[in-house]
């Protein structure tokens, strides 16, 4: 049974909702800039793990002002250790997608003891001058859809680009993007390259072969900076591969964490 | 009432097919394909000459503003313009209306306080201190400020500037975004306790609250005319009434495009092509750049998503087919002979209840000579009919005090 646990953290200022489901070793999932969504990927992951999927500060249903309680990335990292403590997680496996991947990498680099295993999926956080990452918020939705979905007609695009008549969904997704942008604007390079060598968790880097936002050269960039890491490229998928190929990506994560 | 001439300082010679070939006039218009720096130098000098000409012709104030990476607004630092205008209009009763420095991107913000103080000193106390939040294009895209911090930085910069002007002692500023150990400005403004502050806004609830709380002047800077402006300002006046504040028309500023010629038919011959240029080329900005939601707080985001103005969207979609008469009918531009402009502008002023009007008298590709003609006809045939509007009942508390007194002296002496 899934549980939505509401927490009050950061001296009462941040109230995330954590979806907890499944059974098995704990896995924390950090979502992309599009906000928390319980999708097929997490359901697949929950078949073998107890999945903890917290809402990023500001993106939970009762938490719109939560984003204002944090000033910078350092605050955010400490906040997540506090969240781990509140959930009784000492050194869980952490999966992060896109923006959430950047946070996962920062958590594993800042205090390597807090992250037991790590899976980074099309993660933000590094920068190559020869392959600049476009500012997603400055792209027309149609252009962005082509960058992040291998098939722009994929039904999952409805989750990331809600119909404009669905006001609540538009507000939710827009605000989620704003809350993520606080930490990746204007460029997603916030110094991870200086700290990433500290990561000691066994790390799997998963990348959509057709990621048009951050091409697989970024998978190599992470791989080169995290000792002992492995890379898995997902075919017929782009930046949103957990939405596009949920079973494939969940199996990659599960097999890696088992090994 | 007070009427000021606004200038955007646009590129006046964009290629005819600009809107077909290019993505945007703002943020990413290709400089090397289009721009000629010698022409731009000429535009700057024409812009000075036009604003100074308006001042000599009796306009109440002259306005410049700030944009970045923008071919319709090439004043990245309005104070570079304002200092020249202040110097060149000394001896005239013209306000220098800086509309103004974008607060969240001027770092540290006391730079704005210092430059405005310079202009107030140079001009002998004629500054109006505009304090814009800045557009998403300028602040978030060009200058890299995260949208969610945009308004917080703005509020902090405003509070710091106001304190820096007025503090009697050197102070330390330990803000969230700005930290300064010893603030003690030299120079400071002539106007005490501080120059009048005008706040540009579109429809954001947060800006209404902010403006009312600080008792500043709220300015709706719109290119879509007074009919849509009325929807915004009706909301503002309703808000003001709810706060128990007076309905002083000088609380409000509004920008209106105005083009005057000898008669209505001549106005169409003189100005239609420039109006087309303005709406076709100068306003070519893709939605994803404008996307106002990014820098709104959550409440304003909810308000704007749920209360989208479908009528404005529909109308904007039709502009490409508009004739001259449509621009006038919809009041995007008040244009015609002096009598037409007088009547329509008077109706708009009364309708909006606006005391501090700004008029855009240089539009798009207008030549220097045409601009001077528009200024002369406006200042000669239109402006005198507006001098006394509102003054029987209300005092303009948002205008340089020295200029109010001088205007009254002149009237008494006449």
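Protein chains in written order, with our numbering: chain A, 44 to 302; chain B, 6 to 419.
Note that CB positions come from ideal geometry on N, CA and C, so glycine has one too.
Bear in mind that the values here come from a model prediction, so they are computed numbers and not experimental data.
Got a sec: which bits of the segment 219–232 of chain A sit with their beta carbon under 7 Å from any beta carbon on chain B, in order along the chain? 221, 222, 224, 225, 228, 229
Could you name the residues of the segment 275–293 of chain B whose beta carbon sits closer than 9 Å to any beta carbon of chain A, in the order they occur along the chain? 291, 292, 293
Taking residue 214(A) as the query, report the chain B residues whose CB atoms sit under 9 Å from its CB, ordered along the chain. 298, 303, 306, 307, 310, 311
Contact the segment 107–115 of chain A vs the segment 245–255 of chain A: 3+ CB pairs below 8 Å: no
By DSSP, does residue 418(B) sit in helix, in strand, or in coil? Low per-residue confidence applies at residue 418(B): pLDDT is 42, beneath 50, and the placement is therefore not dependable enough to give any value.
Mind listing the chain A neighbours of residue 153(B)? Cutoff is C-beta to C-beta under 7 Å, in chain order. 110, 221, 222, 224, 225
What is the residue span of the beta strand (DSSP E) that residue 68(B) lies within? 66–69
Return the Cβ separation of residue 399(B) and residue 201(B) in integer angstroms, given the expectation that the two are a contact with Cβ distance under 8 Å. Rounded, the Cβ-Cβ distance is 15 Å, inconsistent with contact.
Cβ neighbour criterion (16 or more within 10 Å) applied to residue 207(B): exposed
Can you tell me which of 333(B), 41(B), 278(B), 132(B) puts its alpha carbon nearest to the alpha carbon of residue 194(B)? 132(B)
Using a Cβ-Cβ cut-off of 9 Å, state whether residue 417(B) counts as contacting chain A. Note that residue 417(B) scores 47 on pLDDT, short of 50, meaning its location in the model is unreliable; the coordinates nonetheless yield the value given after this. Taking Cβ atoms only, chain A never reaches closer than 9 Å to residue 417(B), which makes this a no.
Report yes if the CB atom of residue 10(B) is closer than 9 Å to the CB atom of residue 59(B), and no otherwise. Yes, Cβ-Cβ distance for residue 10(B) and residue 59(B) is below 9 Å.
By a C-beta neighbour count over all protein chains shown, 10 Å radius and 16 as the cutoff for buried, is residue 358(B) buried or exposed? It is buried - the Cβ of residue 358(B) has at least 16 other Cβ atoms within 10 Å.
Within chain B, the residues that residue 114(A) reaches when beta carbons sit closer than 7 Å: 181
Using 9 Å as the limit for Cβ to Cβ distance, is residue 321(B) near chain A? no
Within chain B, the residues that residue 107(A) reaches when beta carbons sit closer than 7 Å: 303
Buried versus exposed, by CB contacts within 10 Å (16 or more), residue 117(A): With fewer than 16 Cβ atoms within 10 Å of its Cβ, residue 117(A) is classed as exposed.
Kindly list, in the order they appear in chain B, the residues whose Cβ is closer than 7 Å to that of residue 183(A). 291, 293
Residue 37(B), DSSP secondary structure in three states: helix
Which residues DSSP lists as bridging residue 47(B), in chain order: According to DSSP, residue 47(B) bridges with nothing at all.
Contact residues within the segment 193–211 of chain A, judged by C-beta distance below 8 Å to chain B: 210
I need the straight-line Cα distance from residue 8(B) to residue 361(B), nearest angstrom please. 6 Å
Assuming residue 116(A) is part of the alpha helix (DSSP H), what are its boundary residues? 116–129
Report the rounded CA-to-CA distance for residue 127(A) versus residue 102(A), giving the unit in angstroms. 18 Å
Quick check on DSSP: helix, strand or coil for residue 195(B)? coil
According to DSSP, residue 203(B) sits in a beta bridge with which residue or residues? 135(B), 222(B)
Round the Cβ separation of residue 71(B) and residue 107(B) to the nearest angstrom and send it over; I've been treating them as touching at under 8 Å. 5 Å
Bridge partners - residue 46(A), DSSP secondary structure assignment: 63(A)
Residue 169(B) versus 114(B), 211(B), 220(B), residue with shortest Cα-Cα distance: 114(B)
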